[in-house]
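For reference, each letter of the sequence shown is one residue, going 1 to 164 in this note's numbering. Glycine is no exception: its CB is placed at the ideal position from the N, C-alpha and C atoms. Being a predicted model, the structure only gives us computed values, none of them experimental.
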Amino acid sequence: MFRWLQNHPRFLEWAYDHTQRLFIWLQPLLAWVGYGRVQSILLVGEELSKKALFDCRLCGQCILHATGMTCPMTCPKNLRNGPCGGVRANGHCEVIPDMTCVWVEAYERAQKMGVHGRDLYLIQPPVNRRLQGTSAWVNMLTGIDQINPPGWIAISEVSVQGDG
Ligand code: SF4
1 MFRWLQNHPR FLEWAYDHTQ RLFIWLQPLL AWVGYGRVQS ILLVGEELSK
51 KALFDCRLCG QCILHATGMT CPMTCPKNLR NGPCGGVRAN GHCEVIPDMT
101 CVWVEAYERA QKMGVHGRDL YLIQPPVNRR LQGTSAWVNM LTGIDQINPP
151 GWIAISEVSV QGDG
């Protein structure tokens with residue numbers, strides 16, 4: 001069931017967008033209550049929902065909308081910017097031969113998405129390991145997930161082959 005949903009990611013994309021809007025709308029209230037207080041509650045919600053749906057590893061810096069609603073942290077190498085050079089000819093993982101490469105799935109699913117399909121081409125900054133085990137929603141609201149390492153130069157989008 002969950003896999004079917006992932007392979008038909010339009011609904012998940014819609015749900016993600018609406019959840020994000022809801023949290024942004026609730027931001028003043030959550031800030032008033034205190035992010036520290038709501039963190040534990042939201043983390044339980046994320047564990048229950050995203051673990052079941054996406055095998056979420058609670059990296060605290062969610063980029064599902066930019067990876068075809070496929071969790072990049074399930075890649076054995078935790079790659080967040082596309083596949084490594086070891087993808088097998090059958091599209092399987094170099095490290096776990098029985099597993100389809102996370103990035104093959106991410107690419108195929110991104111083709112079925114709406115506006116976020118092109119987000120696959122965004123260059124992701126290195127993941128901040130200090131956010132591991134924290135709520136990605138809280139980190140989005142506080143903006144801590146947007147703080148990049150010193151020296152990191154954000155490139156909004158690489159040119160896609162075939163683009164004019
Ligand atoms: S990107 Fe991070 S927060 Fe999002 S599903 Fe994967 S591990 Fe969880």
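Top-ranked residue by Cα proximity to residue i, from the options
i	options	result
K50	N148, G151, G114 and G133	G133
M69	G60, A15, W137 and G45	A15
A66	Q124, N7 and W32	Q124
A106	I63, R130 and L131	I63
L131	L122, I144 and Y121	I144
Y35	P149, V138, F23 and G151	V138
W4	E94, L29 and A52	A52
Inter-residue spacing [alpha-carbon to alpha-carbon] between residue i and residue j
i	j	result
G114	Q146	23 Å
V160	D119	Because V160 sits at a pLDDT of 49, beneath the cut-off of 50, its placement in the model cannot be relied upon, and the point is left open.
M1	F11	13 Å
Near ligand 1: residue i beta-carbon under 6 Å from a heavy atom
i	result
L30	no
Q106	The amino acid occupying residue 106 in the given sequence is Ala; Gln does not appear at that position. For ligand 1, not one heavy atom lies less than 6 Å from the Cβ of A106.
I144	no
I123	no
I24	no
Assigned exposure category for residue i - 16 Cβ within 10 Å defines buried
i	result
S40	exposed
L141	buried
P9	buried
Q111	exposed
L149	Note on identity: in this sequence residue 149 is Pro, with Leu being the wrong assignment. Exposed, by the Cβ-count rule.
V102	buried
Residue i (DSSP reduced to helix, strand or coil)
i	result
T142	helix
Any non-hydrogen atom of ligand 3 closer than 6 Å to residue i Cβ
i	result
L64	This structure lacks ligand 3; its bound ligands are ligand 1.
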